[in-house]
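J.: My questions will all concern the structure given below.
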Amino acid sequence: MKRLGKFVLLLISVALIAPTLAHGADSYDEQHLASPAPAKNFQGYLLQDSAEITRFNSGFISFKVNSAQGVESITACSSLGQSGCEFTSKQFYRAILPKCDSVNTVDCITKVFAKTDDGKELDIQPAGIFADKGKYDFQGDPSQNLPTGGGAILVKIPDAPHAGGDLYLIKSEMVGVRDTNNSPTAKFLMQRMQTGIFAIAIEKGTFGFSSMSTDPKQYPTTDWLIGAPVGNPPETGKCVMSSVTECAKGFPLPQNVAFGLQFRMNNQLNGWLHGRMKAPSITLVKEAAGTQLLTVQANAIKVPLIDVWVNNDAMPAGLKNYYSGIPNWGSTTFGTKDQPLSEIALRRDGNDGNNANTMKEFVNWLPVIGDKAQGMPTAWMLKTMISFGDTKNESPCFAKSNGFAGVVSTNAAQYLDGPPSFDKNEGVLDYKVAAPHLTSTGDVFKGTYDLVMSSVVARCLYGFSQAPIGATISIVSESGEPNIATTLVREKDGFLNLAAYNFTFSSPTVRVKLTQEAAAPVVPVKPAAIKKSSITCLKGKTSKKVTAVNPVCPKGYKKK
C-alpha cells in the first residue's frame, strides 16, 4: 500500500480543580435549569448545546434607518407585501421550516422517518405543529429566497417510546438576511441552517417565548440581532420550545433508533455540515427544477453539559487574560453589564457557535470545569458551518464537491465547526475537540467521532486516482499506549466514511491514514521465441543444410 496522507484528531481534556456550581434537582438532563449565581463577584459559563437551536421562535423583521444610519424603526412582518416591510435598508429572518404541502413546496420537510438498529421502519404519525399560529409567523417568497417561518413539526412514533411518551418535536431553522448596501434588489442570503429532533411532552400553563426585538433603542446598528421576551419565557432549559400557553418539555432520545429527515431546499446548501449525531448517512441530490433534496439519517448521542461558576478573585490567570478587553457579554444577576464585575454576577454564553474563539474560551474554562460534566443530555442535531475561520481550509478541493463536501459529528463538549484544517506540506488534516474526562455520573466519557467526506474532495486533497480509497484508524493515548476503540472505514455512494467510537478523553490522538493501492507496474511481455527447422539439400554430390522458419532449398538444390 502507498501511504498518501494521514488524518490527526487531537482531543483536549484536563482534570483539574472542582467547579463552583449549584446542581439542580432535574429529573432529566434535557430539562436542566441553569444554576443560579452564588453571589456577586462571580462569573459563570453555560454550555447547553441545544440552546442555540431552541433559542428563538420564527420571526421576520424589517429595518428602517435615518440619514445617520441609525435604526429608526423595526417592523415585524407577516409577509413581504405588508405595509412597513418595504426593502429600504436591511431585513432579517429566522424561519422554522414547515412540512411540505401545496402552499409550501420548497424550504420545507418532505419526510420524517425512523428505523430501529436492525432496520425495522417505524410508523410516523402526524401530530400537528408547535405551537399553532405563532405571533410572528410569516409567509415566505421563494422568488426572493425567503422561506416560510411557522411552528415546529410534531409527530408521534409509538414504537419509539421515551420517558415522556411517544411525542417528538422537529425544529428545523433557517437564518438569513438581505441588505441594500449589497444591492437595492438583493435577494435573501441564507446564513445558516440548523435542525434538531427532540423527545418531548406538552405541559400546559402560563409561559412565553423569545423572538427578535422590534425596539429600535435596543439596536446600536442594524448589524445586531437582539432577542426580546414575549410573555413570560421559562427558564433556559425547562422547555425545548414554548408558547404563551404551552411548554414542550424535553426527555432523553432513544439511542437505538435512527431518526431521519428529508428536505427540499430552494436555498442551496454548500460546503460542510457539523452536528451532534452518530453514524450519519447524508445525501444531497440536485433536482431537475434546480432545488436540492437533502436526506439525513443518524442516531442520537449524549453530549456533556457544562454549568459552572467561579469567584473573580479565584479565576485562573488564563481565563482572566482571555476576558481582558472583551465586553461583558452574557446575562447578569445583581446588576447590569455596565457595572464593575465585582458588583454583579455575569454568566458567559457557551452556546455562541463552534469556532476558534469559542474553543479557546472553553479550554480556558477547563481548570474551573475540572474532570466532570454537569449533565449528559441526548442530542440529534445538524448545522451548516457559520464560518471557516482559517484560510487553510479554503482549499479549491472543497469547491469540487458540487454542494456537499462532507459532515463532521462528535459528542465532545466543544469542537471546531469548520472542515479539518489541511497542511498540504505534511499531508495532514487536524481536527480538535475538547471535553471533560468523566460524565456527570463519574463514568469515563467515551468519545464518538464521525467524518463523512466527499470522495471527490478526498481524491483532490491527496492526489488519489479513481481507484478505491482505503484507510486505517488507530487510537493512541498520551502515554503512547493503544486506546481501545471501535473504528469503521468505508467508501460508499461517492463518500468516504470514517468513524471512531468508545475512545476516552484523556488526550488521545485518533490517527487516520488514508491509503490507495499503487498502480500495478506494467511488466514487459517477452516476444515468443520463433521456432526454426532444418532441412538437407542436395545438388549432385554437394550437400547443404538450410535452417529457417520455413526452410526452402536454394535454386538447383533438391531436398534430401
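In the numbering used here, each number is its position in the sequence shown, counted from 1, plus 1293.
Idealized CB from N, CA, C, for every residue including glycine.
Tell me which same chain residues have a C-beta within less than 8 angstroms of the C-beta of V1448, skipping the five on either side of it?
T.: The residue given as residue 1448 occupies position 155 in the sequence shown. Answer for V1448: V1405, I1417, Q1418, P1419, A1420, L1460, Y1461 and I1463, listed in chain order.
J.: Can you name the start and end residues of the alpha helix (DSSP H) that W1622 belongs to?
T.: If you number the sequence shown from 1, residue 1622 lands on position 329. Looking at the DSSP string, W1622 is not in any alpha helix (DSSP H), and its letter there is neither H nor E.
J.: Helix, strand or coil: how does DSSP classify M1505 here?
T.: In the sequence shown, residue 1505 corresponds to position 212, counting from 1. Note: M1505 maps to strand in three-state DSSP.
J.: Compute the Euclidean distance between the alpha carbons of L1314 and Q1324, then round it to the nearest angstrom.
T.: The count along the sequence shown starts at 1 and reaches residue 1314 at position 21. The count along the sequence shown starts at 1 and reaches residue 1324 at position 31. Residue placement at L1314 is flagged as unreliable, the pLDDT there being 42, under the threshold of 50; the coordinate-derived value follows with that caveat. Going from the Cα of L1314 to the Cα of Q1324 covers about 17 angstroms.
J.: Who are Q1336's beta bridge partners in DSSP?
T.: Against the sequence shown, residue 1336 aligns to sequence position 43. In the DSSP output, where bridge partners are listed per residue, Q1336 has V1603 and L1639.
J.: Could you give the DSSP three-state label for F1349: helix, strand or coil?
T.: In the sequence shown, counting from the first residue as 1, residue 1349 sits at position 56. Three-state DSSP puts F1349 in coil, outside helix and strand.
J.: Have a look at Y1429 and P1391 and give me their C-alpha separation to the nearest angstrom.
T.: Taking the sequence shown and counting its residues from 1, the one referred to as residue 1429 is at position 136. Taking the sequence shown and counting its residues from 1, the one referred to as residue 1391 is at position 98. Using only the alpha carbons, I get a separation of about 14 angstroms.
J.: Evaluate W1517 with the Cβ neighbour count: other Cβ atoms within 10 Å of its Cβ, from every protein chain shown; 16 or more gives buried, anything less gives exposed.
T.: Counting from 1 along the sequence shown, the entry for residue 1517 is found at position 224. Its Cβ having fewer than 16 others within 10 Å, W1517 is exposed.
J.: Would you please verify whether the beta carbon of F1655 is less than 8 angstroms from any beta carbon of chain D?
T.: The chain inventory of the structure shown lacks chain D, comprising one protein chain alone.
J.: In this structure, what does DSSP give as the bridge partners for F1380?
T.: The residue you call residue 1380 lines up with position 87 of the sequence shown. Beta-bridge pairing links F1380 to no other residue.
J.: Decide if the region 1344-1359 is in contact with the region 1370-1385; the criterion is three or more beta carbon pairs, one per stretch, under 8 angstroms apart.
T.: yes
J.: What does the alpha-carbon distance come out to for the pair Y1512 and V1364?
T.: For the purposes of this step, residue 1512 is taken as residue 219 along the sequence shown, with counting starting at 1. For the purposes of this step, residue 1364 is taken as residue 71 along the sequence shown, with counting starting at 1. Between the alpha carbons of Y1512 and V1364 lies a gap of roughly 7 angstroms.
J.: Leaving aside the five residues before and after Y1352 along the sequence, list all residues of the same chain whose C-beta is less than 6 angstroms from its C-beta, in chain order.
T.: Mapped onto the sequence shown, residue 1352 falls at position 59. Residue identity check: residue 1352 is Gly in the sequence provided, not Tyr. So the qualifying residues of the chain are R1387, Y1429, S1504 and M1505.
J.: If we ignore side chains and look at the alpha-carbon of each, how far apart do G1628 and Q1487 end up?
T.: What you label residue 1628 is simply residue 335 of the sequence shown in a count that begins at 1. What you label residue 1487 is simply residue 194 of the sequence shown in a count that begins at 1. Cα-Cα distance, rounded: 34 angstroms.
J.: Ends of the beta strand (DSSP E) at E1654?
T.: Here the question's residue 1654 lines up with position 361 in the sequence shown. Looking at the DSSP string, E1654 is not in any beta strand (DSSP E); the run it does join, the alpha helix (DSSP H), is A1649 to I1662.
J.: Roughly how far, in whole angstroms, is the beta-carbon of P1477 from the beta-carbon of G1501, given that I think they are within contact range, below 8 angstroms?
T.: In the sequence shown, residue 1477 corresponds to position 184, counting from 1. In the sequence shown, residue 1501 corresponds to position 208, counting from 1. Not quite, the Cβ-Cβ distance comes to about 37 angstroms (not below 8 angstroms), so this is no contact.
J.: By how many angstroms is the C-alpha of G1849 removed from the C-alpha of N1843?
T.: The residue given as residue 1843 occupies position 550 in the sequence shown. The residue given as residue 1849 occupies position 556 in the sequence shown. For N1843 and G1849, the distance between alpha carbons rounds to 18 angstroms.
J.: Using C-beta distances below 6 angstroms, list every residue in its chain close to S1535, excluding the 5 sequence neighbours before and after it, in chain order.
T.: What you label residue 1535 is simply residue 242 of the sequence shown in a count that begins at 1. Closer than 6 angstroms at the Cβ level, and outside the excluded window around S1535, lie F1500, F1502 and P1527.
J.: Can you look up E1323 in the DSSP assignment and give me helix, strand or coil?
T.: Position 30 of the sequence shown, counting from 1, holds the residue named residue 1323. DSSP places E1323 in helix when its eight states are reduced to three.
J.: Can the beta-carbon of L1754 be found less than 8 angstroms from the beta-carbon of A1666?
T.: Counting from one through the sequence shown, the residue named residue 1754 turns up at place 461. Counting from one through the sequence shown, the residue named residue 1666 turns up at place 373. No, Cβ-Cβ distance for L1754 and A1666 is not below 8 angstroms.
J.: Run through the region 1468-1516 for me and flag every whole beta strand (DSSP E) of 3 or more residues, listed as ranges in chain order.
T.: 1482-1497 and 1501-1505
J.: Quick check: the region 1698-1712 against the region 1562-1571, are at least 3 beta-carbon pairs closer than 8 angstroms?
T.: yes
J.: Could you tell me the distance, in whole angstroms, from the CA atom of E1345 to the CA atom of Q1555?
T.: The sequence position of residue 1345 within the sequence shown is 52, counting from 1. The sequence position of residue 1555 within the sequence shown is 262, counting from 1. Rounded to the nearest whole angstrom, the C-alpha separation of E1345 and Q1555 is 22 angstroms.
J.: If I follow the unbroken beta strand (DSSP E) through A1521, where does it start and stop?
T.: Start at 1 with the first residue of the sequence shown, and residue 1521 comes out as number 228. From DSSP, the beta strand (DSSP E) with A1521 extends over G1520 to G1524.
J.: Less than 8 angstroms separating the beta-carbons of Y1794 and T1734?
T.: In the sequence shown, the residue the question calls residue 1794 occupies position 501. In the sequence shown, the residue the question calls residue 1734 occupies position 441. No, they are not a contact pair.
J.: In the DSSP output, which residue or residues are listed as bridge partners for F1697?
T.: Within the sequence shown, residue 1697 is the residue found at index 404, counting from 1. DSSP lists G1564 as partners of F1697.
J.: Between which residues of its own chain and K1838 is the CB-CB distance below 7 angstroms, once the five residues before and five after are set aside?
T.: On the sequence shown, position 545 is the one that residue 1838 refers to. So the qualifying residues of the chain are S1827 and T1829.
J.: Candidates G1457, S1371, S1395 and S1574: which alpha carbon is nearest W1673's?
T.: For the purposes of this step, residue 1673 is taken as residue 380 along the sequence shown, with counting starting at 1. Of the candidates G1457, S1371, S1395 and S1574, the one whose C-alpha sits nearest the C-alpha of W1673 is S1574.
J.: Consult DSSP for P1419 and reduce its assignment to one of helix, strand or coil.
T.: Here residue 1419 corresponds to residue number 126 of the sequence shown, with the count starting at 1. In this structure, P1419 counts as strand in the three-state DSSP scheme.
J.: Near T1507, what residues of its chain come up, given a Cβ to Cβ distance below 8 angstroms and the 5 sequence neighbours on each side ignored?
T.: Within the sequence shown, numbered from 1, the residue matching residue 1507 stands at position 214. Correct list, in chain order: I1354, I1367, T1368, A1369 and A1521.
J.: In three-state DSSP terms, what is C1393?
T.: Counting from one through the sequence shown, the residue named residue 1393 turns up at place 100. Coil at C1393, not helix or strand.
J.: Please check the pair D1606 and W1622, which I expect to be a contact at CB under 8 angstroms, by giving their CB distance rounded to whole angstroms.
T.: Along the sequence shown, read from residue 1 onward, the residue named residue 1606 stands at position 313. Along the sequence shown, read from residue 1 onward, the residue named residue 1622 stands at position 329. About 21 angstroms separates the two Cβ atoms, so there is no contact after all.
J.: Which same chain residues end up closer than 7 angstroms to K1852 when comparing Cβ atoms and leaving out the 5 residues on each side of it in sequence?
T.: As a working note, residue 1852 is residue 559 in the sequence shown. Cβ within range, chain order: I1828, C1830 and C1846.
J.: Counting along the chain, where does the beta strand (DSSP E) carrying V1749 start and finish?
T.: Here residue 1749 corresponds to residue number 456 of the sequence shown, with the count starting at 1. No beta strand (DSSP E) contains V1749, which is instead part of the alpha helix (DSSP H) from S1748 to Y1755.
J.: Suppose the cutoff is 7 angstroms on Cβ atoms and the five residues either side in sequence are ignored; what does the same chain contact list for S1694 look like?
T.: Taking the sequence shown and counting its residues from 1, one reaches residue 1694 at position 401. Result list for S1694: S1747, V1749 and V1750, in chain order.
J.: What does the alpha-carbon distance come out to for the pair L1634 and V1601?
T.: The residue you call residue 1634 lines up with position 341 of the sequence shown. The residue you call residue 1601 lines up with position 308 of the sequence shown. Distance between the alpha carbons of L1634 and V1601: 17 angstroms.
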